[in-house]
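Data block below; observations after.
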Amino acid sequence: MDRVEHSPASDSETFQVVVDSADNNAHHRLTNHASIPIHNASKAKFTRENLVLAYKTLGVVFGGLVTSPLYVYPSMPLKSPTEDDYLGVYSIMFWTLTLVGVIKYAGIALKADDQGEGGTFALYSLLCRNMNIGILSSRPSNPNSSLSPSIFDEGTEKQSRLAKFFKKSIVARRLLLFIAMLGMCMVIGDGILTPAISVLSAIDGVRAPFPSVNSSVVEALSAVVLIILFLLQKFGTSRVSFLFSPIMGAWTLCTPLVGIYSIIRHYPSIFKAISPHYIFRFFSRNGKEGWLLLSGTVLCITGSEAMFADLGHFNRSSIQIAFFCTIYPSLVLTYAGQTAYLIKNPNDHNDGFYKFIPTKIYWPLFVISTSAAIVASQSLISATFSVIKQSVVLDYFPRVKVVHTSPSKEGEVYSPEVNYILMVFCVAVILIFGDGKDIGNAFGVVVSLVMLITTILLTLVMIIIWRTPPLLVALYFSVFFVLEGVYVSAVFTKIAEGGWIPFAISFILAFIMFGWYYGRQRKLEYELTHKVTIERLGLLLSDPSVQRVPGFCFFYTNIQDGLTPILGHYIKNMKSLHQVTMFTTLRYLLVPKVAPHERIVVNKLGLKGVYGCVIQYGYSDRLNLEGEDFVSQVTNSLLAHIKDSSSCLPSDPAEIQQEMCNLEAATSAGIVHIRGKTRFHIGRSCGWFDKTMLAFYEFLHSNCRSALPALGVPLPQRIEVGMLYEA
C-alpha cells in the first residue's frame, strides 16, 4: 500500500497532521484533482470559466507586477542621463520582462507545480518526494516502513545521478532545505515590502500638484490605506479579487493608452531600443555606473514570483491568459511611454510616472493609480498566505490558524495571525523607512534573490523529475543564472542603503523556522526511538497489576509504525487501560473532500479491545469532532468492521457477539479522550546549542496553536497526560 506521508506534523499529544493517501485510489484522486483543471484548461483555454479566472487574477496575482512603473525610474540612481542612456535602460527592462516574465515564469515555472501549488517551497516538496529523501527528515525514509515510500519513487536504479547524490549526501539535503527556507523567507519579505512601496509611491503623487504636502502626511495616509487593506483579507481571495479586478483592469488599460500617447508625442521611434545592441552600448559607455543602475531596473519584474506562488489560488491557463493578453503588452507600452517622455525631459526621472501623465487626466489617473497600488499589495499578501500554509502543513513553521476561504480551491487561504503581523511590519517599514529609495533598494534585494532561488530549484526539477535534455538544461541555467546573478551582484551594493531590511526580516523568520524544525526533529527522533509496539503493548497489558477499566477511550497518537511513548508512560503510572481503547490518528489528504464512507477507517490491532482508527479529511472538509456524533460514527464503523471481518475470516460467532457486546457496554460506561502534553527536559548534559534551540522551541510551542484542528468534545471527557522527553 503506497502512501505519501510527511513525518508527523503534530505533537504526540494530539492528532497526526500529515499528507497521506490511504490507498492507490486516493492517490489517483489526488493526482486527478491537480491535473484535471490544467488538462481541461489546455483543451478549452478560452472557455468562460478560464476567462473569469483570468479576470480574477488581475486583482490578486499581477498587482505587484503591473504597478511597477510607479517606482522603477524613481529608484534608479540616474545622473545626467542622455537619450542613449534611456534607450539602453528601456532595452534592459524589455528583455528582462521577456526572458524572466514570459519564458521563465509564464512558460516554464507554472508547469512545475506540486499538486496545484506553486512557489519555492512547493518546488522543494516536489523534489523531496521524487527523490524519496523525506520532506522533514534529514535522513532517507525507512525502507521497511509501509508508510514511508513515496508514490513518486521510481526506484533508485531509475533515478538520475543527481537524485542519488542527494540521497547519499546529508550536506546536499540540508543545503537544499536552506535554499528553500531562504526563498520562503524572501517571499514573505516581498509580502511586506510590496504593499509598502506600492502604496507609498502611488500616494506620493499628491505632492506634485500640492508641493506643500510633506512626506509625513504621505506616510500617514499610506499607513491608513494599508491597515484597511489588511482588514479586508478575512473575506477571502475570491471576494477580494472580484472587488479589486475592475480597478486593475482600468489600470492595465489606461497606462498603455497614456504610453501610446506619450510615444507618439515625444519619441515615436522608441521601439528601436528593443534591439539588444542598445544594452551593449549602454554598458560599454557607463561601465560600473551602468551596472549599479541594475538595482533599479530589476524592479520592473517585481511581483513576477506571485505568478508562481499564487498558482494554488487559480490555475495555470488562467494566469497565462491574463499575462500574455493584458499584463505583458501593458508593461511594454507603459515603460515605452515613460521612456519616450524622459528622453525629452531627462531630469524628471525622479517623478517618472506622474510627470508623463497629461495634465487633463492627471486626477482620474491618480485615483486609478492609488487604487491599483492598493490592489498590487494583494498579490504578495496572497502569496505569503500560500507559502505559510504550505510550510505549516509540512511542519516547517509554528502552527498558525489557516482558514480555507473557498470550498473548491485548496490554495485559497487566509491566516489571521500572519495577516496582522504583516500589517504591523508594513506600517513600520513605511513609518521608519519612509524614503522610497531605501524601500526600493530593499525590494531589489528580495526580487533578485527570489528569482535566483527559483532558477536553481527549477534546474533541479528539470534534471531530476522532467529529465530534460542536458543541452536545454545548460541553456536555461546559463541564461537565467547569469542574468539574475548580475542583478543580485548589483543590488548587494545597496545593502547599507536599505537593502539590509529584507535580510533582517529573513533572519528572524529563518531563526523561527529552524528553531521549530530542530525541535520537531528532536521530538520525532525521541518518539521513534521510544515508540510502543503492539507486542510491547501486549506485554504491558499481561501484567496482572494492569487493570482493564470500564469505558471507551480515544487515545490520540501519531507514530508511523507503532504507538506514542505516552501510552507506555500512561500504563506504567495509571496501571490501567480502558476496556475498549481506540488509538486515533488524524490524516490530512490533498483532496477537496473525503467521501463519508472513507472518512473513518478502523481496524483491529490484534489485542482484545484494542483498535486503530484513522480519520481522513480533505482541505474543504469542516472537521469538527463533536462529542456524541463523532463517537457514534466511530462505533458504527467499528461494528461494521467487526461484522465484515467475521464474514471474511472463519471465527467463533460467540466471540464476535461478545466483542460487540463489550463495545456497547464500554460506550455506555462512558467516553474519554486522552491526549499527551509533551515537553523537553533539558538536563545538564545538554550542550549550549541544544539548550538554546530547545528552549526556543518550547517557547514557540507554548505560544502556537494546538495541532488538533478541532476537538469539540466536552471538557469533562478530556484528559491530558504530561510527559517529559529527555533531550
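Position 395 of the sequence shown, counted from 1, bears residue number 1039 in our numbering, the numbering being contiguous throughout. Cβ coordinates follow ideal geometry from the N, Cα and C atoms, glycine included.
Answer yes or no: do M951 and V705 have a C-beta to C-beta separation smaller than 8 angstroms? yes
Mind pulling the beta strand (DSSP E) runs of 3 or more residues that sit fully within the stretch 946 to 983? none
Inter-residue spacing [alpha-carbon to alpha-carbon] between I832 and Y1040: 14 angstroms
Quick check on N786: does DSSP put it in helix, strand or coil? Residue confidence for N786 is low, a pLDDT of 36 falling below 50, so the modelled location carries little weight; the figure read from the coordinates is stated next. In this structure, N786 counts as coil in the three-state DSSP scheme.
Is it true that the stretch 960 to 967 meets the stretch 742 to 753, where meeting means three or more beta-carbon pairs spaced less than 8 angstroms apart? yes
Leaving aside the five residues before and after S1150 along the sequence, list all residues of the same chain whose C-beta is less than 7 angstroms from its C-beta, in chain order. L826, C829, M830 and G833
Determine the direct distance from the alpha carbon of C1348 to that of E727, and round the result to whole angstroms. 56 angstroms
Counting along the chain, where does the beta strand (DSSP E) carrying P1194 start and finish? Q1191 to Y1200
Could you pull the start and end residues of the beta strand (DSSP E) that G1366 belongs to? R1362 to E1370
By DSSP's criteria, M1067 is part of a beta bridge. Which residues make up the other side? Answer by DSSP bridge pairing: none, since M1067 is not bridged.
For the putative contact between T764 and I1097, defined by C-beta atoms under 8 angstroms, what is the C-beta separation to the nearest angstrom? 6 angstroms
Locate the beta strand (DSSP E) running through F1324, then write down its first and last residues. I1315 to H1325
Establish whether the CB of L1183 and some CB of chain B are separated by less than 8 angstroms. In summary, chain B is missing from the structure at hand, where a single protein chain is found.
Quick one: using the 10 Å Cβ neighbour count with 16 as the cut-off for buried, is S1035 buried or exposed? buried
Out of curiosity, what's the CA-to-CA distance linking P973 and V862? 31 angstroms
Rounding to the nearest angstrom, what Cα-Cα distance links S859 and D848 in this structure? 8 angstroms
Leaving out the 5 sequence neighbours to the left and right, which residues in its chain are closer than 6 angstroms to C1330 when beta-carbon positions are compared? A1371
Once the 5 residues before and after A1017 are set aside, which same chain residues still bring their CB inside 6 angstroms of it? T711, S842, V843 and A846
Report the rounded CA-to-CA distance for A678 versus Q759, giving the unit in angstroms. With a pLDDT of 40 at A678, under the threshold of 50, the modelled position of this residue cannot be trusted, and the question is left open.
Collapsed DSSP secondary structure at C772 in the structure displayed: helix
Same chain only: Cβ atoms within 8 angstroms of S866, ignoring 5 sequence neighbours per side: A840, V843, L844, I847 and I1074
Just confirm the distance between the C-beta atoms of G707 and M892, as a whole number of angstroms; I'd bet it's less than 8 angstroms. 6 angstroms
Would you tell me roughly how many angstroms separate the C-alpha atoms of S889 and P713, rounded to the nearest one? 18 angstroms
Under 8 angstroms Cβ to Cβ from L1368, same chain only, skipping five residues before and after it: list those, please. T1322, R1323, F1324 and H1325
Name the residue from D1082, S724, F1227 and K808 whose alpha carbon lies nearest to the alpha carbon of I1178. F1227
Under three-state DSSP, which class holds D1039? coil
Candidates F1136, V1275 and L702: closest to Q1361 by CA position: V1275
Here's a check: name, in chain order, each residue in its chain whose Cβ is nearer than 7 angstroms to the Cβ of A766, leaving out the five neighbours to either side. D757, D758 and Q1034
Keeping to the same chain, check which residues put their C-beta closer than 7 angstroms to that of T1028; ignore five residues upstream and five downstream. V831, I832, G835, V1062 and L1066
Backbone secondary structure at C1257 - three-state DSSP: strand
Using DSSP's beta-bridge definition, name the partner residues of L1221. R1192
Neighbourhood of Y1341 by C-beta distance below 6 angstroms, restricted to the same chain and skipping five residues each side: G1159 and G1163
Contact check, N1306 vs G1253 under 8 angstroms by CB: the rounded distance? 6 angstroms
Exposed or buried, what is M645 when buried is set at 16 or more other beta-carbons lying within 10 Å of its beta-carbon? Interpretation of M645 is limited by its pLDDT of 34, a score under 50 that renders its predicted location unreliable; no figure is taken from the coordinates.
Quick check: what's the CA-CA separation for I1005 versus I904? 15 angstroms
Buried/exposed call for R805, threshold 16 Cβ in 10 Å: exposed
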